[in-house]
Structure formats: C-alpha cells, structure tokens
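Working notes for the structure below.
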Amino acid sequence: MSQATVTTPAAAKRRRSAANWGDLIFAGLTRTAAVFILLLLGSIIVMLAVGGWPAFQTFGIGFITSTSWNPVTDIYGAGVSVYGTLVTSVLAMILAVPVSFGIAYYLTELAPGWLRRPVGTAIELLAAVPSIIYGMWGFFVVVPFMANHVEPALIGTFQNVPVLRSLFAGPPFGTGIATAAFILAVMVLPFIAATMRDVFNTVPAVYKESAYGVGCTTWEVVRSIVLPYTKTAVVGGIMLGLGRALGETMAVTYVIGNANHVTPNLFGSGNTIASLVALEFGESDSGSLKLASLLALGFILFVISFIVLATSRLMLRPKFKE
Amino acid sequence: MSTTIIAGAAHDKKTAVAMSRRRRNLGRVVDTLCVLATLFGLFLLASILAILLWRGLGGLRLSVFTMSTSSPGTPGGLLNAIVGTLIQAGLGTLFGTPIGLLVGTYLSEYGRTSKLGNAARFVSDILLSAPSILIGLFVYLILVVPAGGYSGWAGSVALAMIVIPIVVRTTEDMLRLVPTALREAAVALGAPKWKAITKICYRAALDGIATGILLAIARVAGETAPLLFTSLGNLNWSADLTQPMASLPVTIYNYTTSAFDDWIQLGWVGALLITFGVLSLNILARVVLRKRN
C-alpha cells in the first residue's frame, strides 16, 4: 500500500479478517444459490414423480402406452397424448428447420450489412410474442385458412393415393394435428434461426473467403464449409427447438381439437401432454386418480424434455461457448 | 469445386460451361428460397401484429383500464387483470432476480469450471427451456395444496422460477465480459474479492444485467400456463395475494375461448396490450444493450 496509509499491523490484520468474513459470506451466498437451483430442478422431478405415483401404481408401466382416457370409468393412459406430443413436435421440426436455415443463411451470407440487424431483430421478436397470442392467432387466422384452403386442396389432391390418403383425410375442420404442428413450427422458428445464425457466424472468415476465392457459389460455401464446420451446433439448435415444441401449452391448446384418439390423419384432432394437462386440470379433484394421472403425464413430459434439452445443450456448449 | 476439375479433364468445353451454369443456377435457386424464407418469417410477425391491431384497437377505450372484468353483457374492463399481472410479474421478478444474480455471479466469479458450477449451469439451461406448465404443476403441489387454495403468492413464485434461469444466463454472460484487469486492479488496491465483484464488476456489467431483468419481466408478463394452477384467475377486483388473482394472459385465455362476443372483444384488447407491452420491453432491452457499444 502507499505511504499515506500508516497502519499498525493489528489494524491491518483486523481489516483483513473483516474482508475475509465478507468474502466468506458472499462466496457462501453465491454457492448456496447455485445449490438451490440444483435442488429446484431435483424437487420438480421428485414432486411430479411422487404426485403421479398413484397412477403408475394403479396402471403399472402400461400407463405410458395405454390409449384410454376415461374419467367415467376412471381409467387413464398416456398413449394418446404422448403420441400427439411427439407427432406435432416432429412435424413442427420438419416445417421449421428448412425455413430457419433459410433465414440464417440469408442473415449471414446474403443480407447487406445495414439490413442484418433490423431483420434479425424482427425474427427475434417473434420469439418474444407470448404463446397465448400464437394460440389466438392460430385459432382465428390459421384455422379458418386451413379449413377453407389448405386442407380441402390437400384432401382433394391425395384422395386416390393409397398411403397419403389416410394422412390427409377429411373433414377439414381446420383444427387438429397439422395446424398445431404449423403453429409450433412458427413458434420455434426464431429460436432455431437465431441459434443457426450465431453458429454460422463462428466460422472463420478465411475458410469462407478461400472457398469464394476458387469460385464457389454462396450455396456451395454454406454446404461444403459452413455446415460441416457447424454441424454439431446446428443439430443442437434444432434439438433446442424440439425441446421447446414438446412442452408448448397454450398455443396447442387452442388449435389441437382435444380428442382422445390416435389417428394417422394429420387433419384429425388429438391432444398433447401439455394441452391435456391444461384442459383437464381444472376438472380434477385434489387427491383423485385423474389428478395423479395428469401429474404422471407431467413427469413423462419432463423426462422427454429433459433428455432432448440435455442433448441440445451438450451439442451447443462445448465448441461455441467459451 | 470438384465438378470444374472433372470438366477440365474431360476436354469438353461445352460440358464445362453447362456444368458451371448448372452450379450457378442451383446457387441462385437456393439464394432465392432463402430470401423467401426470410420474407415468410417477417410476414408471420406482420400478420400477428396486424390481426392484434385489427381486432384489438376497436375495443380499446378508457373503461378497459378503469373497470374490472364482469359478466358477459354488462360493461367491464380489464383493470383487475392488468393490476394482477403487474403484481405477479413484479413480485416474480423481485423474488427471482436476487437468486439468479447470485447464481450468475457464482458461475462467472467463483465456480467457473468447478463441478458445482458446471452442474448449476447445466440445470439453469434446462430450466430456461423447460415446459412452463410443469413449473405450474410443481408450485401447485408445493404451495397450493398445502395452503389449501390458489393464491397470488403461488402465481408469483411460479413466475419467479421462470425469471431465475433468464437472469442467471445474462448475468453470467455479462460478468464474463468484464475485463480481468478491472478485477486485478481492485484486488491490487487491497479490495476484498466480494467488494471487487459488487462495486466494480456489477457496475461494469450493469446495463447487461438490466437487459436480462427486462427480458425476464417481458417473458413472465405473457406467461399463461404456470398461472392456470397457481393464481387461477379471479373475475372480481382483488389485490389480496392470499386469494386467487386475475392476470392478463389467463383472462385473455378464458375470454377468447368463451362464446360471448363482448368477452372475445375484450380478450383481443388484452392481447393487444400484453403483446405491445412485451415487445416494447424487448426493444427497450436491446436499446439498453446497444448503448454499450
């Protein structure tokens, strides 16, 4: 320290020990918070498992695949909603990934510099729109459009094609699995596009410049340089979108039609775990088997989302974080 | 690339020209499709905003802000829902921010590569994207069932659990951007580490941390699913946190799925308010962060 501070050794010691106490307390607080967040996730899993236990106990492991959901006979199974959750989410990915890739490709390779930020921000704002708004937009805008234009056209086109006929069957109500998948696709699109854009930007400019230098087109640069360099993270971004789609509640609840049956018909109604929980929870008495079944559904959803999100994170973090 | 070499070896200038043209054309097709994808994305945002303005603006009048929700057919507003959302989102942010801040600090300053640090970072990332309806179920089990009823407190706690991982992420990222030299300078002057963090690092990262908090408020203000089983909603005016409490998203949900025209109309007004509120907060957060550069 400078010559201005004349301190006796005792005073210096006292100050040091005060500082030590401060450090101990502050470090302890931050560590406690870190432990707290671990316990939080742990207790969510445990509470859902405990709450759903009566359902697993009554119906056994078959609860996961059983397709009955009958409040009158008090028999419940997760089959239909697990099917609906997986089908809508996977379809959503099929729709969202190419569009997200196109947006990321445009934002990183094609857009003039002055356009990149405003267009990128607009796409990111799509992610900020609350999910209930997507539900209303889906119900009042997309559903009529599907019912009047998309579904009749597809049903008409494929009515004589053997397999596709059962995928695109009437009647065209507008609600159903396809519409839910479309809304989900729109909702996860900004997440996937933003992740792809960010990882595309991590490709060293020299690599791309040398490819452009030998006469490659933009598409060839992206296909042969950018995608191989970023493929792990791109898949991670897609998994992140999938993880979000699996648990999306309100938007799906508006448009899925809530019917408890498994159908290959994409225009048929169905339900997802999240939509079933949202719709039926209010009609379940505390302590009933139905409530336990809904909690068990929550537990299954948590396990599926956890696996997908954990995979996504492992693929995204190592190379591009740090 | 390889195609040009093969074409050169073929001693056929015509083939080479044709191949090169095919490559250029393919490139042009892909480029066009990507521009169309971007236009489609922008069209979606415009479509959502347009329908909100179209259906919502017509019902926007002063009574929306001065009257509480009422039965269909009688004049009513959204006052209790707006106040309920402000209270629950405010309390949720108030509870969640300190915890998120501490975890973020731990991840950046203390346990950057420790086992606990890696585990906490992993868990926080999972919570960031975990289905919010499950948070609602969890809070139902730990607060609503033991307390014997739905309450504004339960809603606030559920929202706090969504706030935490958002604040963790931004706090950690922003603290990491603070140059090590600043910390070293503080420590060299004799400041203990906790003072270096709270007085120097927090101040240097203040705008970034504020951005995270704004984004968290924006996110929870529009959440519906975690409130369905916690604060439930309330058709009457109530600012009592021990009772069921109305919120804008839940009211919008109940109104727009009802069969009454005046309720649906009010639902659209609420949707307009919440969306423009949330988007404004997001834009504000971006402006705060951009000032840094």
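Here the protein sequences line up with chains P and S, keeping their order.
Note that the first sequence covers residues 1 to 322 in this note's numbering.
Note that the second sequence covers residues 1001 to 1293 in this note's numbering.
Every residue gets a Cβ at the ideal spot worked out from N, C-alpha and C, and that includes glycine.
Heavy atom of the ligand ZN within 8 angstroms of residue i beta-carbon
| i | result |
| --- | --- |
| phenylalanine 140 of chain P | Summarising the ligand content, the structure contains no ligands, and the ligand ZN is consequently not present. |
Inter-residue Cα distance where the pair is residue i and residue j
| i | j | result |
| --- | --- | --- |
| threonine 1211 of chain S | arginine 1219 of chain S | 12 angstroms |
| valine 97 of chain P | leucine 189 of chain P | 7 angstroms |
| leucine 1127 of chain S | leucine 1101 of chain S | 15 angstroms |
| alanine 169 of chain P | serine 1063 of chain S | 47 angstroms |
| serine 68 of chain P | alanine 78 of chain P | 8 angstroms |
| phenylalanine 145 of chain P | aspartate 1207 of chain S | 44 angstroms |
| serine 305 of chain P | glutamine 159 of chain P | 36 angstroms |
| aspartate 23 of chain P | alanine 92 of chain P | 49 angstroms |
| leucine 1227 of chain S | arginine 1290 of chain S | 33 angstroms |
| tyrosine 254 of chain P | glycine 236 of chain P | 29 angstroms |
| cysteine 1201 of chain S | alanine 194 of chain P | 28 angstroms |
| alanine 1007 of chain S | alanine 233 of chain P | Residue placement at alanine 1007 of chain S is poorly supported in this model, since its pLDDT is 46, which falls under 50; the coordinates still yield a value, given next. Near 35 angstroms, if we compare the C-alpha coordinates of alanine 233 of chain P and alanine 1007 of chain S. |
| glycine 1073 of chain S | methionine 47 of chain P | 43 angstroms |
| phenylalanine 1276 of chain S | valine 1167 of chain S | 22 angstroms |
| phenylalanine 56 of chain P | threonine 30 of chain P | 38 angstroms |
| valine 1157 of chain S | threonine 1230 of chain S | 9 angstroms |
| tyrosine 1140 of chain S | tyrosine 1150 of chain S | 8 angstroms |
N-terminal and C-terminal residue of the alpha helix (DSSP H) that residue i is part of
| i | result |
| --- | --- |
| lysine 1199 of chain S | From DSSP, lysine 1199 of chain S is part of no alpha helix (DSSP H); its letter is neither H nor E. |
| alanine 205 of chain P | 205 to 213 |
| asparagine 201 of chain P | Per DSSP, asparagine 201 of chain P belongs to no alpha helix (DSSP H) and is neither H nor E. |
| proline 1249 of chain S | 1248 to 1256 |
| threonine 85 of chain P | 79 to 105 |
| methionine 239 of chain P | 227 to 247 |
| tyrosine 254 of chain P | 250 to 255 |
| aspartate 1031 of chain S | 1013 to 1056 |
| tyrosine 134 of chain P | 131 to 137 |
| leucine 1206 of chain S | 1206 to 1221 |
| arginine 1169 of chain S | 1152 to 1177 |
| aspartate 1262 of chain S | 1261 to 1291 |
| asparagine 1118 of chain S | 1115 to 1129 |
| arginine 165 of chain P | 162 to 167 |
| glutamine 1088 of chain S | 1079 to 1105 |
| glycine 176 of chain P | Neither: glycine 176 of chain P is in no alpha helix (DSSP H) and is coded neither H nor E. |
| glycine 113 of chain P | 113 to 128 |
| proline 1070 of chain S | Before going further, note that residue 1070 of chain S is serine rather than proline in the sequence given. Careful: serine 1070 of chain S lies outside any alpha helix (DSSP H) and carries neither H nor E. |
| serine 1132 of chain S | 1132 to 1139 |
| isoleucine 1142 of chain S | Neither: isoleucine 1142 of chain S is in no alpha helix (DSSP H) and is coded neither H nor E. |
Closer than 9 angstroms to chain P by CB, residue i
| i | result |
| --- | --- |
| arginine 1286 of chain S | yes |
| isoleucine 1051 of chain S | yes |
| valine 1278 of chain S | yes |
| tyrosine 1202 of chain S | no |
| aspartate 1125 of chain S | yes |
| isoleucine 1252 of chain S | yes |
| glutamate 1184 of chain S | no |
| leucine 1107 of chain S | yes |
| leucine 1137 of chain S | yes |
| phenylalanine 1229 of chain S | yes |
| valine 1103 of chain S | yes |
| serine 1047 of chain S | yes |
Local Cβ density within 10 Å of residue i, reported as buried at 16 or more and exposed below that
| i | result |
| --- | --- |
| glutamate 283 of chain P | exposed |
| proline 1125 of chain S | First, the residue type needs correcting, since residue 1125 of chain S is aspartate and not proline in the sequence shown. Buried, since its Cβ has 16 or more Cβ neighbours within 10 Å. |
| proline 112 of chain P | exposed |
| glycine 287 of chain P | exposed |
| phenylalanine 1043 of chain S | exposed |
| phenylalanine 267 of chain P | buried |
| valine 1017 of chain S | exposed |
| serine 2 of chain P | Residue placement at serine 2 of chain P is flagged as unreliable, the pLDDT there being 45, under the threshold of 50; the coordinate-derived value follows with that caveat. So serine 2 of chain P counts as exposed. |
| arginine 313 of chain P | buried |
| arginine 1021 of chain S | exposed |
| asparagine 1025 of chain S | exposed |
| valine 1287 of chain S | exposed |
Residue-level contact to chain S via CB, residue i, 9 angstroms cutoff
| i | result |
| --- | --- |
| isoleucine 94 of chain P | no |
| serine 288 of chain P | no |
| alanine 4 of chain P | Interpretation of alanine 4 of chain P is limited by its pLDDT of 48, a score under 50 that renders its predicted location unreliable; the figure taken from the coordinates is listed afterwards. No, alanine 4 of chain P does not count as interfacial toward chain S. |
| isoleucine 64 of chain P | no |
| serine 305 of chain P | yes |
| methionine 196 of chain P | no |
| alanine 11 of chain P | no |
| valine 98 of chain P | A small correction: the amino acid at residue 98 of chain P is proline; valine does not occupy that position in the sequence shown. So yes, proline 98 of chain P belongs to the interface. |
| aspartate 74 of chain P | no |
| glycine 176 of chain P | no |
| alanine 181 of chain P | no |
| phenylalanine 320 of chain P | Confidence in phenylalanine 320 of chain P is poor, its pLDDT being 43 and thus under 50, which makes the residue's placement unreliable; the coordinate value appears in the next sentence. Output row for phenylalanine 320 of chain P: interface = no. |
Give me the subset of the stretch 1012 to 1035 of chain S whose CB atoms are less than 7 angstroms from a CB atom of chain B, sorted by chain position. Checking the listed chains, one finds no chain B in this structure; the protein chains it contains are P and S.
At what residue ranges does the stretch 254 to 294 of chain P contain a whole run of the alpha helix (DSSP H), taking only runs of 4 or more? 273 to 280, all fully within the stretch 254 to 294 of chain P.
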